[in-house]
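Asker: Heads up, the sequence shown stops at 442 in full-length UniProt numbering, and the numbers go up one at a time, no gaps.
All C-beta atoms, glycine included, are put in the ideal place defined by N, C-alpha and C.
Pasting a structure here, questions to come.
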Amino acid sequence: MGLQWCVRMEKEDSCSTCGVCGDVSDGLHFGAIACRACAAFFRRSTVSDRKYTCRFDGDCPIGKDVRCMCRACRLRKCIELGMNAKSVQRNRDGLGARGEKKPTIAQAIGASLAVDALSPSAEISSPSAASSHTDTRLPSTAQPYSPQDQPVALPTPVITHMPDEIRQQTPMGDFLFGLPLIGQAIIGYRKLLSLRRTARSLQPGHQIQKLFEEKSEWREINFNGSTAMLRTDVSLTAEMVNEHFPPFNVIETDHKQRLFRNFFACFILIERAYLSSCFFPGKSDDRFAFSHNAFFEINNLVKYYECDTVKVEPVEAAKIFKPTYDVVLRCLKEPMAELRFTEAEMVGLLALCLWNDAIDGISEETSAIAKQTRNIIYRELFLVCSQTAPESAPERLGAIVHFLTVAQRISARMTENFSIAKLFNIFDIDAILFDLMPTTAC
Numbered sequence: 001m002g003l004q005w006c007v008r009m010e011k012e013d014s015c016s017t018c019g020v021c022g023d024v025s026d027g028l029h030f031g032a033i034a035c036r037a038c039a040a041f042f043r044r045s046t047v048s049d050r051k052y053t054c055r056f057d058g059d060c061p062i063g064k065d066v067r068c069m070c071r072a073c074r075l076r077k078c079i080e081l082g083m084n085a086k087s088v089q090r091n092r093d094g095l096g097a098r099g100e101k102k103p104t105i106a107q108a109i110g111a112s113l114a115v116d117a118l119s120p121s122a123e124i125s126s127p128s129a130a131s132s133h134t135d136t137r138l139p140s141t142a143q144p145y146s147p148q149d150q151p152v153a154l155p156t157p158v159i160t161h162m163p164d165e166i167r168q169q170t171p172m173g174d175f176l177f178g179l180p181l182i183g184q185a186i187i188g189y190r191k192l193l194s195l196r197r198t199a200r201s202l203q204p205g206h207q208i209q210k211l212f213e214e215k216s217e218w219r220e221i222n223f224n225g226s227t228a229m230l231r232t233d234v235s236l237t238a239e240m241v242n243e244h245f246p247p248f249n250v251i252e253t254d255h256k257q258r259l260f261r262n263f264f265a266c267f268i269l270i271e272r273a274y275l276s277s278c279f280f281p282g283k284s285d286d287r288f289a290f291s292h293n294a295f296f297e298i299n300n301l302v303k304y305y306e307c308d309t310v311k312v313e314p315v316e317a318a319k320i321f322k323p324t325y326d327v328v329l330r331c332l333k334e335p336m337a338e339l340r341f342t343e344a345e346m347v348g349l350l351a352l353c354l355w356n357d358a359i360d361g362i363s364e365e366t367s368a369i370a371k372q373t374r375n376i377i378y379r380e381l382f383l384v385c386s387q388t389a390p391e392s393a394p395e396r397l398g399a400i401v402h403f404l405t406v407a408q409r410i411s412a413r414m415t416e417n418f419s420i421a422k423l424f425n426i427f428d429i430d431a432i433l434f435d436l437m438p439t440t441a442c
């Protein structure tokens with residue numbers, strides 16, 4: 001009888017659920033029954049002494065499909081469940097004090113990949129990916145990065161309603177074998193898409209059931225709507241870059257801020273142009289996708305600026321920004337559509353944009369890390385181009401790198417437009433978003 005009771009208890013424990021997110025638990029972690037993902041999250045938060053702030057009312061839903069939506073509420077649930085910070089062992093050196101050794105740049109990249117790989121697959125949760133869990137862990141390495149040694153498997157893409165011909169272009173699984181930097185970046189980008197969708201579904205005026213719908217109806221937005229989306233994107237994009245664009249998470253905070261400030265405007269331009277090329281590829285189609293279900297018409301910017309934050313006639317605001325948006329269509333969206341620009345190529349381009357080694361205010365060490373990381377990304381991006389277009393990979397890589405130059409120039413021009421709007425009080429400008437615009441041409 002005692003043996004049967006032990007067997008029954010063992011079975012019940014193995015089938016118990018995580019008290020934080022409701023997923024299948026892995027046993028007792030830090031004093032509470034939890035899954036590995038939530039245990040890893042609690043450990044990282046404790047060791048790093050991270051402070052989170054809820055963007056909503058402090059009562060966000062934390063489930064296995066949306067556990068990453070709000071870190072503040074997730075950590076609160078961990079503590080309420082009984083997880084004890086004192087049970088978390090800090091990193092210790094079992095061999096005693098030794099002379100400090102500065103890691104090489106390659107070791108920094110390898111170590112960053114190893115840290116990011118602790119539980120990325122557990123952290124990625126979306127309605128489409130939850131049922132097809134794929135191990136995305138990367139082996140740690142203290143040796144210089146070698147593409148052949150770093151397999152990356154990817155989960156099912158979040159964008160389940162992308163046109164079939166576009167979805168088929170997206171490299172999956174073995175397609176990205178041996179590309180740890182771009183592979184990790186894609187994982188982070190898809191996680192951003194899932195969190196972005198969740199955050200917007202929980203905003204006032206949205207129904208909670210829409211969170212679980214695979215398809216959303218397209219809606220036309222105005223200047224107020226796009227500004228609200230950008231505010232949400234700032235924190236989500238910063239999280240994506242810090243966790244999935246190694247070795248960003250190991251450089252100094254001040255240097256992170258400088259790199260991110262240079263990156264954010266280009267990220268918005270490149271990603272939105274890419275989405276527009278996927279959903280509205282026609283040359284005569286002037287719709288500009290601002291997310292996977294929101295757009296505005298560039299040839300009808302007057303309507304876009306018809307909102308309460310615009311203090312002049314909408315036509316005046318449209319006159320300032322229309323020439324710049326025309327350049328976005330002509331020099332980014334249309335060439336991307338013609339090239340059939342893929343997700344992996346877009347994410348690789350974003351990584352190149354982030355690692356700018358010529359930014360003012362960063363140290364020689366950070367500049368060297370940026371330069372070497374860019375070189376690795378160039379090699380990986382060339383392999384992606386070789387898979388996408390074997391006969392014209394060099395030309396394709398050149399066209400993609402040219403997109404970066406164009407995006408940098410457009411972002412500088414967009415900064416000038418917003419400076420004019422601010423000077424003449426055309427509309428209310430969000431202070432945080434304006435501060436993230438590059439001050440000079442990149």
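Can you tell me whether residue 33 is helix, strand or coil according to DSSP?
Answerer: strand
Asker: Under DSSP, the alpha helix (DSSP H) around residue 228 begins and ends at which residues?
Answerer: 223-244
Asker: Can you round the beta-carbon distance between residue 424 and residue 317 to whole angstroms, since I take them to be within the 8 angstroms contact cut?
Answerer: Residue 424 to residue 317, Cβ: 10 angstroms. No contact.
Asker: Tell whether a beta-carbon distance below 7 angstroms holds between residue 407 and residue 266.
Answerer: yes
Asker: Could you check the C-alpha separation between residue 389 and residue 396 for me, to the nearest Å?
Answerer: C-alpha separation (whole angstroms): 8 angstroms.
Asker: Does the segment 367-385 touch the segment 275-282, meaning 3 or more C-beta pairs lie closer than 8 angstroms?
Answerer: The segment 275-282, when compared against the segment 367-385, does not touch it at the 8 angstroms Cβ threshold.
Asker: Specify the secondary structure class of residue 20 as computed by DSSP and reduced to three states.
Answerer: Residue state, collapsed to three classes: coil.
Asker: Per DSSP, which residues does residue 297 bridge with? Please list them.
Answerer: 287
Asker: Mark residue 188 as exposed unless 16 or more other C-beta atoms lie within 10 angstroms of its C-beta, in which case mark it buried.
Answerer: buried
Asker: How would you label residue 392, buried or exposed, when you count the other beta carbons within 10 angstroms and need 16 or more for buried?
Answerer: exposed
Asker: Decide if the segment 281-298 is in contact with the segment 320-332; the criterion is three or more beta carbon pairs, one per stretch, under 8 angstroms apart.
Answerer: yes
Asker: Can you look up residue 258 in the DSSP assignment and give me helix, strand or coil?
Answerer: helix
Asker: Would the segment 401-415 count as touching the segment 344-362 if we require 3 or more Cβ pairs under 8 angstroms?
Answerer: yes
Asker: Between the alpha carbons of residue 23 and residue 50, how many angstroms are there, rounded?
Answerer: 24 angstroms
Asker: Considering only residues of the same chain and omitting the five flanking positions on each side of residue 272, which have a CB-CB separation below 7 angstroms?
Answerer: 288, 289 and 290
Asker: Are residue 416 and residue 384 closer than 7 angstroms when you measure CB to CB?
Answerer: Their beta carbons are not under 7 angstroms apart, which means residue 416 does not touch residue 384 by this criterion.
Asker: Compute the Euclidean distance between the alpha carbons of residue 413 and residue 62, then round it to the nearest angstrom.
Answerer: 41 angstroms
Asker: Under the assumption that residue 258 contacts residue 178 (Cβ atoms under 8 angstroms), give the Cβ distance between them as a whole number of angstroms.
Answerer: The Cβ separation is near 31 angstroms, so there is no contact.
Asker: Would you list the one or two residues that DSSP bridges to residue 310?
Answerer: 427
Asker: Among the residues of its own chain, which have a CB less than 6 angstroms from the CB of residue 321, if the five just before and after it don't count?
Answerer: 417
Asker: Name the DSSP beta bridge partners of residue 28, please?
Answerer: 33
Asker: Could you work out which residue in 191, 270, 29 and 196 is closest to residue 341 when comparing CA atoms only?
Answerer: 270
Asker: Is the Cβ-Cβ distance between residue 19 and residue 83 less than 7 angstroms?
Answerer: no
Asker: Classify residue 316 as helix, strand or coil using the three-state DSSP reduction.
Answerer: In this structure, residue 316 counts as helix in the three-state DSSP scheme.
Asker: Mind reading off the beta-carbon distance from residue 73 to residue 59? Whole number of angstroms is fine, and I expect it under 8 angstroms.
Answerer: 7 angstroms
Asker: Quick one, are the C-beta atoms of residue 181 and residue 376 less than 7 angstroms apart?
Answerer: yes
Asker: Would a C-beta distance cut-off of 7 angstroms place residue 264 and residue 436 closer than the cut-off?
Answerer: yes
Asker: In terms of alpha-carbon separation, which member of 282, 353 and 323 lies closest to residue 241?
Answerer: 353
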